[in-house]
Amino acid sequence: MMNRLHHISHLSPDEVFQHLNSRPTGLRQEEVEERLAHVGQNRFDRPDRWKNVRSLVHQFTNFFTLLLLLSALICLVAHHVNPGESMDVLGWALLGVALINAMFSFIQEYRAEKAMEALKHFLPQLVEVRRENRLVRENAWQIVPGDVVLLAEGDKIPADMRLVDTNRLKVDNSPLTGESLPCDVSAEISSTEYGDHANVAYAGCSVVRGSGTGVVFATGIRTEFGKVAHLSQTIRRVRSPLERKTAHMVRVLTIIACTMGGSFFLYGLLTGKPLWTNLVFMMGIIVANVPEGLLPTFTLSLAIGSLRMARKNVLVKSLNAVEALGAVHVICSDKTGTLTMNRLTITSLLDPFTGKVLEGEERKELLRMALAASEVRRSESELLGDPLDVAVAMQCEDAGLAVAEVESAVRHRFAFDVEKRRSGGILQHKVGWIFVVKGAFEAIAPMLDRECSREMVSRAEGVMQDMASRGLRVITVAWRRLSPEALAGIRGGEDFDQEQLEHGLALAGFIGLEDPVRPGVEEAVATCRKAGIDVILITGDHPETATALARKIGLVGDGSTGETCLTGDILKKLSTSRLTEKLRQGVRIFARTTPAQKMKIVTALQKMEKVVAMTGDGVNDAPALKAADVGIAMGLKGTEVARESAQIILLDDNFSSIVAGIEEGRTIFQNIGKFTNYVLVSNGPEILPYLLYIVLPVPLALNVIQILSIDLGTDIIPSMALGQEPPSTEVMERPPQDLAQGLLTPGLLIHSYLFLGLLEGAWSLFLFFYVLVEGGWRYGVELPTDSALYRSATGIALSTILLMQIGNLLGRRYTLRSGLDRGIFTNILIVSGILIQVVFSWATLYWPPLQKVLSTGPVSGRVYALAWLGILIIFGADYIRKRFVARNG
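In our numbering, the protein residues as written are 129 to 1017.
Written out as structure tokens, the structure is:
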């Protein structure tokens, strides 16, 4: 690679084309296909053969699985020591549960991984390539050596390429070199050593400023970046906060299980119970406390939630983003393309001093000058470039001006500078060569000719503010004639000094553009307000334009004053603490700001302990996107640099999609709480029989196999159903969740164990003892576990828990509503879960094959009917609690 870089950097542009068997007009399609077959796709990733094996092994390292494996080992050893107790059956059962649980989690994680890989295809990196003298937008994977690639500000460089043409091009090589400062690059022949070639653009780096053209000479892992990427393939990713909270929940439940099991094992020994009886009891209490089906359900819920977000045009790149979305307090949104349609249309061209509409030749002259300071490229089907520049070009065509003709008269262009808020160009005009500048009025006004009196500037400013107050985006065009002496000293395009030209300008006119508000934005802003989420508008437009839009979408009231709006000039002078005060006082609009100032806004909001979502699309947005709790990049107009810096990508650049994503994020987190609550409720009636068994002379109401049939049999489908519940109306009627709050809250534990769990336990044990007493059993009398009476009693206890879980399932659908008002058939898994519970509860009692496996027996129809009453008991009690909470706040 060193020799190749050194060699190609020494070649002239013409020699570069010859060396790579290419041409300035680009490769032919058959050449592309041939090279693609020879060198492969332009991808950095390579298959990891051991990835799935590592993932499978990882499933056996969580606390739940390790606990089950240890328990299985203890049971098998116990059976070897004392074969008469049939502990081997329990041991093999626990081993089977551990294997099934690990395999299920592995399969769900594998499916989630595949789903996220598939989502990447929603948003491929597109590159502008010249092929067969036509400009096309091609997927970066399809780039081959010899391709002629056009680079513009914000582009991620797709492959190593030798530059053959540049226009004030600066690149950020920090991903490769670690250097934080952008580097100037050019097409000139280089004589430097390896690693410091100023005419080479490297894959994985990005364009910070300007534009250029390069010829690809290395793709995929043959690039410098590809070598590094290949070495880092096996680096393990850091767990997200949501994953850490899940691991914490698992540890807490495992500690509870082990503590209870160990404590009552010691209690049993001290009270003189046989060792093997205590061992069975300890295994039962541990298994009863461990919700074995929780982890696979959790994985599936996140996978389904992420896919559902993608269907709403929200591409989630990390689990951390899912959690943070549900906790967002503030959305900082840009204007163009997010709140508006990004369909800039020129509606007026006005004289800057009189406000008169320009017609005829005056109109054409203003458009010609504006186009000279714009940068557009034509593909086969459309004009490409900044939406403003494209709007100018389209208006030129409508006015009868040939874009190609104007382009041929432009000698040099100065790329748009976000800090200066203007772009420029040098145009051959009928009066000679002229310098044209296009941008914000405030940025151009100080450069006007001294002969332009203060009164004239004031009149121009009045015209501009009148346009802005009508919601128009106002672009100022100014110019000056260049003397022959000034041109004579200029040897080439790179020798132009923009700052030396920016003086003595004359106003040419104002261009007013309209960008309609996106449908649904006003409703989305209202939804945010109801959900306790603030919306802040950040734009480079004039304050009047920004305020007009804010009123239109309901962000501020019609009678709002300038106190709700801050400009970039003021923001630049404010300290972070002072900015925090302004935000508390109600500032919701930031106008005439630069992308770099977004970082200051993020910092101030985070000092107010707010969870911030920030939108962005440009290179300079990257720091703010990384600093925000949730960085949101635009998928359509966003640069590759912004996309890589963000955690979420909007596939349609629509503000309403952000709100839909927050709703989904809240829903996913809420659903995790729902099925966790549901699963933990059944732990209560599973634990209670063992507590009674160890302290009282009564039979054990449930054996370990029966407990496992609940946790890994009948509870799995209902849990999945709750994990896939769609957003409810109440989810956006609450304030944002607390990020510091864990998955296991005191309220959830009390509700699961001490309220619903006790209810299920009490009713199932009531029917257990009812069957025993009715069959002739008396308190304190030992009952053989193989007797028909005992099998019938345990059967009704198990059947009752299964049926009561139906009432629990319906009640978990809403926090404060019944759960029936949504409609059972809106979630097919809910229906499936209920049917499974019903069928299994009947089969437990009356189907001989299942009776044999679970050691159960039949009961009378009257007793089975009482078990069905448990559904009403648990559902009704929970609904009364909900009404009480709703009434008392």
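Here a beta-carbon is modelled for each residue, glycine too, at the ideal position from N, C-alpha and C.
None of the values given here were measured: they were computed from a predicted structure.
Distances from the CA of LEU882 to each of ASN805, TYR898, PRO827 were compared; the closest alpha carbon is that of ASN805. DSSP places GLY759 in the strand class (E or B) of the three-state scheme.
In the DSSP assignment, GLY552 falls within the beta strand (DSSP E) that extends over 550-557.
Straight-line spacing of the CA atoms in GLY632 and ARG550 works out to 16 Å. By the C-beta density criterion, HIS208 is exposed, having fewer than 16 other C-beta atoms within 10 angstroms. Looking from the CA of LEU227, the closest CA among ILE833, ALA200, GLU143, ASP216 belongs to ALA200.
Bounds of any alpha helix (DSSP H) do not take in ILE271, whose DSSP letter is neither H nor E. Distance check between ARG716 and each of VAL663, ASP669, ILE924 places VAL663 closest, using alpha-carbon atoms only. Between LEU164 and VAL328, the CB-CB gap reaches or exceeds 8 Å. The beta carbons of GLY793 and LEU453 sit about 3 Å from each other, so the pair counts as a contact at 8 Å. The beta carbons of LEU930 and THR842 sit closer together than 8 Å. A Cβ-Cβ separation of about 7 Å places MET522 in contact with LEU511 under the 8 Å criterion.
Distances from the CA of ASP293 to each of ALA230, MET411, GLU158, ASP142 were compared; the closest alpha carbon is that of ASP142. The way I'd put it, the region 561-572 does touch the region 536-551; three or more beta-carbon pairs between them come closer than 8 Å.
Residue environment for TYR907: exposed (fewer than 16 other C-beta atoms within 10 angstroms of its C-beta). With respect to LEU263, SER536 sits apart: the two C-beta atoms are not nearer than 8 Å. Here LEU472 is not near LEU486, since their CB atoms are 8 Å or more apart. For LYS754, the secondary structure class from DSSP, reduced to helix, strand or coil, is helix. Just so you know, the alpha carbons of LEU982 and VAL217 end up roughly 12 Å apart. TRP607 sits in a strand when the DSSP states are folded into three classes. Per DSSP, PHE345 is one residue of the beta strand (DSSP E) stretching across 334-346. Between VAL740 and ALA756, the C-beta spacing is below 8 Å.
Between GLY338 and ARG296, the gap from beta carbon to beta carbon is short of 8 Å.
The residues LEU477, LEU478, ASP479, PRO480, LEU486, LEU494, VAL605, in chain order, have a CB closer than 7 Å to that of GLY637 in the same chain once the five nearest residues on each side in sequence are set aside. If you look at ILE459, you'll find it isn't in any alpha helix (DSSP H); it sits in the beta strand (DSSP E) that goes 458-461. For VAL901, the enclosing alpha helix (DSSP H) begins and ends at 885-902. Counting every other CB atom within 10 Å of its CB across the protein chains shown gives PRO827 a total of 16 or more, marking it as buried. About 7 Å separates the Cβ atoms of LYS445 and ILE777, confirming a contact at the 8 Å cut-off. Ranked by Cα distance from THR795, the options ILE136, GLU861, PRO977, ASN417 are led by GLU861.
Looking from the CA of GLU162, the closest CA among ASP275, LEU197, VAL181 belongs to ASP275.
Pairing MET762 with GLY465 gives a Cβ-Cβ distance under 8 Å. In this structure, ASP686 lies near ARG679, with their beta-carbon atoms less than 8 Å apart. Using a Cβ distance threshold of 8 Å, GLY870 and PHE803 do not count as a contacting pair. By the beta-carbon neighbour count (other beta carbons within 10 angstroms, threshold 16), ASN261 is exposed.
Rounded to whole angstroms, the separation of the alpha carbons of PHE544 and LEU635 is 19 Å. Pairwise C-beta distances place the region 276-290 in contact with the region 338-348, as three or more of them are shorter than 8 Å.
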